[in-house]
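In terms of numbering that gives the first Met the number 0, the sequence shown opens at residue 0 and continues consecutively. Every residue gets a Cβ at the ideal spot worked out from N, C-alpha and C, and that includes glycine.
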Amino acid sequence: MLKNSNYALFANMMLGDLKNERKHLLFYLTAASTVSGPHREEYKELFEKEAAGEMQHVLQFQNVLLGLGVDLAEAEETVTNYPYIVSYDLKELLEFALAMEKEVVSNYSKRLSENLGLLDDPEKRYIEIFYEDQIKKSQEDVDNYKMILRNFR
Ligand SMILES: [Fe+2]
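Given below as structure tokens:
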């Protein structure tokens with residue numbers, strides 16, 4: 000049960016974020032299988048590692064949502080069906096990963112600067128720290144993909 004209508008607004012945005020994290024998980028998991036070319040082994044490992052990280056993010060978002068009082072059984076339909084690319088081309092996969100991580104950094108920054116005000120302490124403070132951690136991880140990924148894609152042949 001959600002505390003009030005502001006919490007419901009925030010929870011809806013957060014469910015959108017969970018949907019995105021599930022997309023990340025499925026994307027990396029699929030990319031680890033489809034990636035081809037002479038560097039396949041190396042990137043298969045990277046994408047597998049990313050998928051494992053995204054699995055943790057999905058769990059973390061689910062747990063925070065439950066903590067806020069969201070009924071995940073009821074919300075399930077709103078957090079499924081997330082299109083992502085399935086490609087055999089390494090560069091395409093890396094570019095998609097970069098765009099995806101950039102998108103969440105921007106979404107989560109917005110949660111902090113615009114949306115957190117919907118909540119009261121102590122949840123507000125806790126979720127602030129939560130999103131800060133998510134931003135940190137995704138921004139590190141952004142910077143890493145940028146370096147990989149620099150002068151990419
Ligand atoms: Fe993530």
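> What's the call for S137, buried or exposed, on a 16-neighbour Cβ count within 10 Å?
Replying inline: buried
> With burial defined as no fewer than 16 other Cβ atoms inside 10 Å of the residue's Cβ, what is the status of F46: buried or exposed?
Replying inline: Buried.
> According to the Cβ coordinates, are K101 and V141 closer than 8 Å?
Replying inline: yes
> Is E14 near A72, with beta carbons less than 8 Å apart?
Replying inline: First, the amino acid is wrong: residue 14 is Leu here, not Glu. In this structure, A72 does not lie closer than 8 Å to L14 by Cβ.
> Under a three-way DSSP split, which group does T79 fall into?
Replying inline: Three-state DSSP puts T79 in coil, outside helix and strand.
> For S137, is the beta carbon positioned less than 7 Å from some heavy atom of ligand 1?
Replying inline: yes
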